[in-house]
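Okay, so here's the structure we're looking at.
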Amino acid sequence: MSNFDVIVLGSGPGGYVTAIRSSQLGLKTAIIEKESLGGVCLNWGCIPTKALLKSAQVFEYLKHAEDYGLTAEGVDKDFDAVVKRSRSVADGMSKGVQFLMKKNKIEVINGYGTLKPGKKVSVKGEDGGETEYSAAHIIVATGARSRELPSLPQDGKKVIGYRDAMTLKEQPKKLVVVGSGAIGIEFAYFYNAMGTEVTVVEYLPRIVPVEDEDVSKQLERSFKKSGIKIMTSSEVTKVDTTGNGVKVSVKTAKGDQELEADIVLSAVGIKSNIENIGLETVGIATDRDKILVNDYYQTNIPGYYAIGDITPGQALAHVASAEGILCIEKIAGMQVEPLDYGNIPGCTYCMPEVASVGLTEKQAKEKGFDIKVGKFPFSASGKAKASGASDGFVKVIFDAKYGEWLGCHMIGVGVTDMIAEAVVARKLETTGHEVLKAVHPHPTMSEAVMEAVADAYDEVIHL
-2 MSNFDVIVLG SGPGGYVTAI RSSQLGLKTA IIEKESLGGV CLNWGCIPTK
48 ALLKSAQVFE YLKHAEDYGL TAEGVDKDFD AVVKRSRSVA DGMSKGVQFL
98 MKKNKIEVIN GYGTLKPGKK VSVKGEDGGE TEYSAAHIIV ATGARSRELP
148 SLPQDGKKVI GYRDAMTLKE QPKKLVVVGS GAIGIEFAYF YNAMGTEVTV
198 VEYLPRIVPV EDEDVSKQLE RSFKKSGIKI MTSSEVTKVD TTGNGVKVSV
248 KTAKGDQELE ADIVLSAVGI KSNIENIGLE TVGIATDRDK ILVNDYYQTN
298 IPGYYAIGDI TPGQALAHVA SAEGILCIEK IAGMQVEPLD YGNIPGCTYC
348 MPEVASVGLT EKQAKEKGFD IKVGKFPFSA SGKAKASGAS DGFVKVIFDA
398 KYGEWLGCHM IGVGVTDMIA EAVVARKLET TGHEVLKAVH PHPTMSEAVM
448 EAVADAYDEV IHL
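Its first residue numbered -2, the sequence shown is counted upward by one per residue in my numbering.
Following this line, the structure appears as structure tokens:
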């Protein structure tokens, strides 16, 4: 039995980041992974999907070359080559994590880990043999997978989850996407841009339902303009996969409808990977598919911790990384503060992109704030017009009394790279007046933030 200071179970963006920070702090560290280093994010999520989306974006640029005074003849796509590029990017990132493990002298243990009482983990290797390891601190970071609905069982062929959607052998002619969160919306954009006929079915009254209502409306307009069909307030009641394709029964406010498609993508959320990892044996408390933790990610059993998608916070890669760093720094005796979950940015990488942080306008009003709201459309932005990317806007919400930046909501090209300004400003408790007086470069997409703030304070110049 090998002894470590820290064992991390799972090597996603929560696990591997935690392991590296642990090693930096001088702790003898091991990480256990049953598949590939980097977890879902690097291998089957964040990174390979962005590679697919970039291919779709370049393809769209080429198809619209005339809009820029250019000629591109014979433009077509090689779907298989697009998928292979995505896998190549993912493989490269996973190898990068392998390098980081060696650089930081972290022991990588390949196999399926199960928690044991007494601060131990049993690892079953490919040969079926089991080895037991112990550590003063065990951090669980096993992540999540695609959630399945009883009415929408996944068979991996005609009804698929996100992993299958990234590696299809053939491009479907017709695709039904069930769910309009980030995963569903990104794949809807990708396949539509590639030439697939796409229908999005959303149970709630609007797509991207966690976003500000104005953003949802704008994205729906943009998607419909691109040829994507949107069905909101609609529920898939059953699927029939007995024929060549799939028949999808959808219950809508106007009655029942039947859609026909080659493939259905189920994107109705995620399911935490907390089964069969020994939680019950150790006595670790769970509630509603999540491991219960305190502000520093300690479970109810001393020496055992949990971070990332398996805990109640937002299921986002950057959240898992932040939680892991905070957790290990607390273990190492550093002075740390609990994570502010109200200042976590969310990004959706469709086109136009969506990014947000803080309260929506509706949430701010429900909390009783007297608010100032500013909005600046990219149609009034010189950089956006010159780039041929004038869809969307920046929307800001401030507390009228103290000038606190309550929320920022963006939709447009490149906004996932712009949202960090609002995150940092909110962290520093920057007021609307201070943002307004911070000179932004011209011409840029980012000056739309300053213009939106100016609009909130009735000082906007370019509207």
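C-beta: ideal position from N, C-alpha, C; glycine also.
Would you kindly check if the distance between the Cβ of residue j and the Cβ of residue i is under 8 angstroms?
{"i": "I103", "j": "I29", "result": "no"}
{"i": "V450", "j": "V432", "result": "yes"}
{"i": "A190", "j": "F56", "result": "yes"}
{"i": "A78", "j": "V174", "result": "no"}
{"i": "I394", "j": "S353", "result": "no"}
{"i": "G140", "j": "D286", "result": "no"}
{"i": "I288", "j": "T308", "result": "yes"}
{"i": "Y293", "j": "I304", "result": "no"}
Going by C-alpha distance, which of the options is nearest residue i?
{"i": "K171", "options": "S91, V245, Q332, R203", "result": "V245"}
{"i": "T441", "options": "L24, E456, K380", "result": "K380"}
{"i": "E194", "options": "N297, I416, D259, A16", "result": "D259"}
{"i": "G371", "options": "P309, A445, N273", "result": "A445"}
{"i": "K99", "options": "V3, L403, Y13", "result": "Y13"}
{"i": "E350", "options": "M415, Y301, V333, G411", "result": "G411"}
{"i": "E363", "options": "L146, D396, P309, E70", "result": "D396"}
{"i": "L67", "options": "K74, D73, L59", "result": "L59"}
{"i": "W41", "options": "L24, I274, L289, S85", "result": "S85"}
{"i": "A87", "options": "A78, T46, K113, G110", "result": "T46"}
{"i": "L97", "options": "V156, A16, H406", "result": "A16"}
{"i": "K327", "options": "V247, G343, L22, G11", "result": "L22"}
{"i": "K518", "options": "Y188, A329, E272", "result": "Outside the displayed span of the chain (-2 to 460) sits residue 518, for which this structure offers no information."}
{"i": "G108", "options": "K434, Y130, F184, D237", "result": "Y130"}
{"i": "I335", "options": "S231, E63, K81, G310", "result": "The amino acid at residue 335 is misidentified as Ile; the sequence shows Pro. For the residues S231, E63, K81, G310, the minimum Cα distance to P335 belongs to G310."}
{"i": "S378", "options": "E418, C347, I458", "result": "I458"}
{"i": "K222", "options": "E232, V3, E199, Y186", "result": "Y186"}
{"i": "G224", "options": "D2, M348, A383, M90", "result": "M348"}
{"i": "Y65", "options": "D2, A435, K382", "result": "K382"}
I'd like the list of long-range same chain contacts for residue i, defined as Cβ closer than 8 angstroms, with 5 residues on each side in sequence excluded.
{"i": "R142", "result": "V37, G158, I267, K268, N270"}
{"i": "E127", "result": "S119, V120, K121"}
{"i": "K424", "result": "D337, N340"}
{"i": "I204", "result": "S177, I182, V197, S213, L216, E217, F220, I227, T229"}
{"i": "G192", "result": "K74, Q168"}
Please work out which residues of its chain come closer than 7 angstroms, Cβ to Cβ, to residue i, disregarding the five sequence neighbours upstream and downstream, and give them in chain order.
{"i": "G400", "result": "T428, G429, H430"}
{"i": "D452", "result": "G371, K372, F373, L460"}
{"i": "A422", "result": "W402, V432"}
{"i": "I180", "result": "Y159, A264"}
{"i": "A361", "result": "I368, I394, L403, G404"}
{"i": "G275", "result": "T111, L112, K113"}
Specify, as a first and last residue, the run of the alpha helix (DSSP H) that residue i falls within.
{"i": "P470", "result": "Because the chain spans -2 through 460 in this model, residue 470 falls outside it and cannot be assessed."}
{"i": "V265", "result": "Neither: V265 is in no alpha helix (DSSP H) and is coded neither H nor E."}
{"i": "Q21", "result": "12 to 21"}
{"i": "K170", "result": "Segment: none, K170 is in no alpha helix (DSSP H) and carries neither H nor E."}
{"i": "V290", "result": "It is not in any alpha helix (DSSP H) - V290 carries neither H nor E in the DSSP assignment."}
{"i": "Q332", "result": "That residue, Q332, is in no alpha helix (DSSP H); it is neither H nor E in DSSP."}
{"i": "L256", "result": "It is not in any alpha helix (DSSP H) - L256 instead sits in the beta strand (DSSP E) that spans 252 to 258."}
{"i": "E444", "result": "444 to 453"}
{"i": "S213", "result": "210 to 222"}
Could you pull the start and end residues of the beta strand (DSSP E) that residue i belongs to?
{"i": "D237", "result": "232 to 237"}
{"i": "A462", "result": "Shown here, the chain extends from -2 to 460; a query on residue 462 therefore has no answer."}
{"i": "F373", "result": "368 to 374"}
{"i": "I394", "result": "390 to 396"}
{"i": "V3", "result": "-1 to 6"}
{"i": "K364", "result": "Counting along the chain, K364 falls outside any beta strand (DSSP E), and DSSP gives it neither H nor E."}
{"i": "E465", "result": "Residue 465 is absent from the model: the chain starts at -2 and stops at 460."}
{"i": "H406", "result": "402 to 409"}
Would residue i pass as an interface residue toward chain D - the criterion being a Cβ-Cβ separation below 8 angstroms?
{"i": "G411", "result": "Although the question refers to chain D, the structure presented lacks it and comprises just one protein chain."}
Spatial neighbours of residue i within its chain, please: C-beta separation below 6 angstroms, excluding the five flanking residues on both sides.
{"i": "I298", "result": "V279, G280, I281"}
{"i": "G153", "result": "D161"}
{"i": "M234", "result": "Note on identity: in this sequence residue 234 is Thr, with Met being the wrong assignment. So the qualifying residues of the chain are S148, S246, K248."}
{"i": "Q254", "result": "V247"}
{"i": "V243", "result": "K155, V236, A258, V261"}
{"i": "K117", "result": "E129, S131"}
{"i": "E232", "result": "Y200, K248"}
If we count Cβ pairs, one from each stretch, closer than 8 angstroms, do we get three or more for the region 212 to 228 versus the region 385 to 393? At 8 angstroms Cβ cutoff, the stretches touch.
Count the CB pairs spanning the region -2 to 17 and the region 32 to 47 that are closer than 8 angstroms, and state whether there are at least three. The region 32 to 47 and the region -2 to 17 touch, with three or more beta-carbon pairs separated by less than 8 angstroms.
Three-pair Cβ contact test at 8 angstroms for the region 305 to 321 versus the region 133 to 152: Output reads yes: the region 133 to 152 touches the region 305 to 321.
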